[in-house]
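This report refers to the structure that appears directly beneath it.
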Amino acid sequence: MHPFIPALLLSLGVSACTAASKPATPLDTLLDSVERRLALADGVALLKWDQNMPVQAVARERQILDRVAEAAADHHLEPRRATGFFADQIEASKLVQYALLNRWQLKQQAPDTPRLDLKTALRPQLDALQHQLLIDLQRFDRERPADCARALANAIVERARDPLHELALQRATGRLCEAL
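In full-length UniProt numbering, the protein residues as written are 1 to 180.
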């Protein structure tokens, strides 16, 4: 083996480790939390399939947005900013749910995966993420990238795990880069 090859491989390995260990930006951190919330939409869709429940839950959505508006000041956010951001989270979650329910209708079955209970598992996780998302949104707003829209688009493409969840991530961040 040429002596240059091991040195090259070592160099590539070190640079990959360096790239992987770079500190997360506020955008990265926020998108991590958004993706965690969107991942729960799959479980909510399964629950709604099993219980023949509608995706739209107006009273629950209003309750979430009211709590977000109340919590906004504690996170140094304008209520309008916080509720707009959360309205986008809700719409993105519904987008996933509608798409999955439609997919399962075409197959006439949902996947045979473990179900999570709404009251003891899903809602507590969603509620915990609400607090984290407000923290992450506030940090993002303080340290917003100079070219926010381009940075966001690039970050979404890098994270895409499948077309549905990429679209949902785009929907969840639809107003993220608007002027404050």
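Using N, Cα and C, we set each Cβ at its ideal position, and we do this for glycine too.
Look at residue i and residue j and say whether their C-beta atoms are less than 8 Å apart.
| i | j | result |
| --- | --- | --- |
| glutamine 97 | lysine 22 | no |
| alanine 69 | leucine 137 | no |
| arginine 171 | aspartate 88 | yes |
| leucine 27 | proline 124 | no |
| glutamate 35 | leucine 126 | no |
| leucine 38 | histidine 165 | yes |
| leucine 134 | leucine 176 | no |
| threonine 173 | leucine 152 | yes |
Between residue i and the rest of its own chain, which residues show a CB-CB distance below 8 Å, the 5 nearest in sequence each way excluded?
| i | result |
| --- | --- |
| alanine 179 | none |
| glutamine 130 | Ile64, Arg67, Val68, Ala71, Phe86 |
| arginine 139 | Pro26, Thr29, Leu30 |
| leucine 106 | none |
| alanine 24 | Asp32 |
| methionine 53 | Leu47 |
| valine 58 | none |
| aspartate 141 | Leu77, Arg81, Leu180 |
So, at 7 Å on beta carbons, what are the nonlocal neighbours of residue i in its own chain, with the 5 sequence-adjacent residues on each side left out?
| i | result |
| --- | --- |
| alanine 110 | Leu46, Trp49, Trp104 |
| arginine 60 | none |
| proline 114 | none |
Who are the near neighbours of residue i in its chain, counting only those whose CB is closer than 6 Å to its CB and skipping five residues on each side?
| i | result |
| --- | --- |
| leucine 116 | Gly43, Leu122 |
| proline 163 | none |
| lysine 94 | Val55 |
| serine 15 | Note that serine 15 has pLDDT 41, beneath the 50 cutoff, so the model's placement of it is unreliable and the number below is only indicative. Cβ neighbours of serine 15 beyond the five flanking positions: none. |
| leucine 10 | Caution is warranted here: a pLDDT of 42 is assigned to leucine 10, below 50, making its placement in the model unreliable, and the coordinate value is therefore given only provisionally. Once the five neighbours on either side are set aside, leucine 10 has no close Cβ partner at all. |
Along the alpha helix (DSSP H) that carries residue i, what are the first and last residues, could you check?
| i | result |
| --- | --- |
| glutamate 158 | 148–159 |
| proline 163 | 163–172 |
| lysine 22 | Here lysine 22 belongs to no alpha helix (DSSP H), and DSSP marks it neither H nor E. |
| leucine 47 | 26–50 |
With hydrogens ignored, establish whether the beta-carbon of residue i is closer than 7 Å to any heavy atom of the ligand ATP.
| i | result |
| --- | --- |
| proline 163 | This structure lacks the ligand ATP, and indeed carries no ligand of any kind. |
Q.
Runs of 3 residues minimum, wholly inside the segment 54–81: which ones carry the beta strand (DSSP E) assignment?
A. For the segment 54–81, not a single whole beta strand (DSSP E) run of length 3 or above is found.
(Q) Please give me, in chain order, every unbroken run of the alpha helix (DSSP H) with length at least 4 that falls completely inside the segment 111–150. (A) 123–142, all fully within the segment 111–150.
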